[in-house]
Amino acid sequence: MITMNQKYQALILYAHEGRSMRQIARDTGIHRETVSKYVREYEKKRSRLMEGGVHVEALIESLTEKPAYKTGNRPKRKLTSEIELRIQEFLQENQEKRHKGQTKQQKTIIDMYEALEAEKVDISYSTVRRTVRQLEHRPKEAFIKETYLPGDVCEFDWGEVKLTIGGSMHTFQMAVFTPAYGNYRWACLFPKQTTDQPRGFVEFDDDEGKHGIVAYDRALTDKELSDFEMKELNLKQDKEKDKEQIQKLDMEI
Numbered sequence: 001m002i003t004m005n006q007k008y009q010a011l012i013l014y015a016h017e018g019r020s021m022r023q024i025a026r027d028t029g030i031h032r033e034t035v036s037k038y039v040r041e042y043e044k045k046r047s048r049l050m051e052g053g054v055h056v057e058a059l060i061e062s063l064t065e066k067p068a069y070k071t072g073n074r075p076k077r078k079l080t081s082e083i084e085l086r087i088q089e090f091l092q093e094n095q096e097k098r099h100k101g102q103t104k105q106q107k108t109i110i111d112m113y114e115a116l117e118a119e120k121v122d123i124s125y126s127t128v129r130r131t132v133r134q135l136e137h138r139p140k141e142a143f144i145k146e147t148y149l150p151g152d153v154c155e156f157d158w159g160e161v162k163l164t165i166g167g168s169m170h171t172f173q174m175a176v177f178t179p180a181y182g183n184y185r186w187a188c189l190f191p192k193q194t195t196d197q198p199r200g201f202v203e204f205d206d207d208e209g210k211h212g213i214v215a216y217d218r219a220l221t222d223k224e225l226s227d228f229e230m231k232e233l234n235l236k237q238d239k240e241k242d243k244e245q246i247q248k249l250d251m252e253i
């Protein structure tokens, strides 16, 4: 049975990496004729989108919807109170993680759908998404991925991760590098985020090359970093001078 992620991965390999049907079939394990069907569907809907005839969200939903299979006249299972309760449990887990500061470790809607699928629940992704939005009262949103060339841009950012180690909660700073072209991630953990660490550099040994641009939300240049450290040093010296003057006045009194 083909999962939603397999279909999504097949389209990513076609649209972003330009792989042939045969290569995609070999890499994903999906039959070549099935891959060809997904690609034709993608191109058809993409053309209609470019002409302005289809809403973005409708295209995204059709490309990430669970593949349909012929199952005779078997009726689809409707959303039951038990399934809705299970989705509420997922949302409660997310709320608890937010309270602990583990915002990036929450379940996404796709995670919830795949968890229900693993529990043998016969439900569509669109039903899970609609239920989550109803429970959270979230407005509908749609996103379009930007297109990048291989080796063009690598994005860097800091994130905070809270892990339970030996029964205690520990907070780590996570440095993450993400090429904009693919879906590759490289990350490492630090006990804290300091001004020394922006001086470091990363050799891209894993992908055997360097990106033309490394994008960071607020990166300091060497001059800015030096100016910042100089201000910190001057502030520290001023505090020490003030402390010495206070001690001198105390001795005179």
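Everything in the sequence shown is counted per UniProt numbering, starting at 1 for the first residue and increasing by one.
All residues carry an ideal CB built from backbone N, CA and C; glycine is no exception.
Please read all numbers here as calculations on a predicted model, not as lab measurements.
Item	Value
Note down, in chain order, each residue of its chain lying with its Cβ closer than 8 Å to the Cβ of Thr-103, except the 5 sequence neighbours on either side.	Lys-97
Taking 6 Å as the limit between beta carbons, can you name the residues of its chain near Val-161, skipping five residues before and five after?	Phe-172, Met-174
Going by beta-carbon coordinates alone, are Pro-179 and His-137 separated by less than 8 Å?	no
Throw me the rounded Cβ distance for the Tyr-181 and Asp-152 pair, which I believe falls under 8 Å.	6 Å
Please classify Lys-7 as buried or exposed, where buried requires at least 16 other C-beta atoms within 10 Å of its C-beta.	buried
Terminal residues of the continuous alpha helix (DSSP H) containing Asp-111?	109 to 118
For Val-39, which of Ser-20, Arg-26, Gln-106, Gly-29 has the nearest alpha-carbon?	Ser-20
Do Glu-84 and Thr-127 count as a contact pair if the criterion is CB distance below 8 Å?	no
Using only the alpha-carbon positions, how far apart do Glu-119 and Gln-106 sit?	19 Å
Whole angstroms is fine: what's the gap from Glu-114's alpha carbon to Lys-239's?	57 Å
Could you check which residue in Lys-241, Tyr-125, Phe-156, Leu-163 has the C-alpha nearest to that of Val-214?	Phe-156
Whole angstroms are fine: how far does the CA of Glu-82 sit from the CA of Gly-101?	29 Å
When you compare only the Cα positions, how much space is there between Arg-26 and Ala-10?	10 Å
Can you grab the Cα-Cα spacing for the pair Ser-168 / Met-112, in whole Å?	27 Å
Would you give the residue range spanned by the alpha helix (DSSP H) that Val-121 belongs to?	Here Val-121 belongs to no alpha helix (DSSP H), and DSSP marks it neither H nor E.
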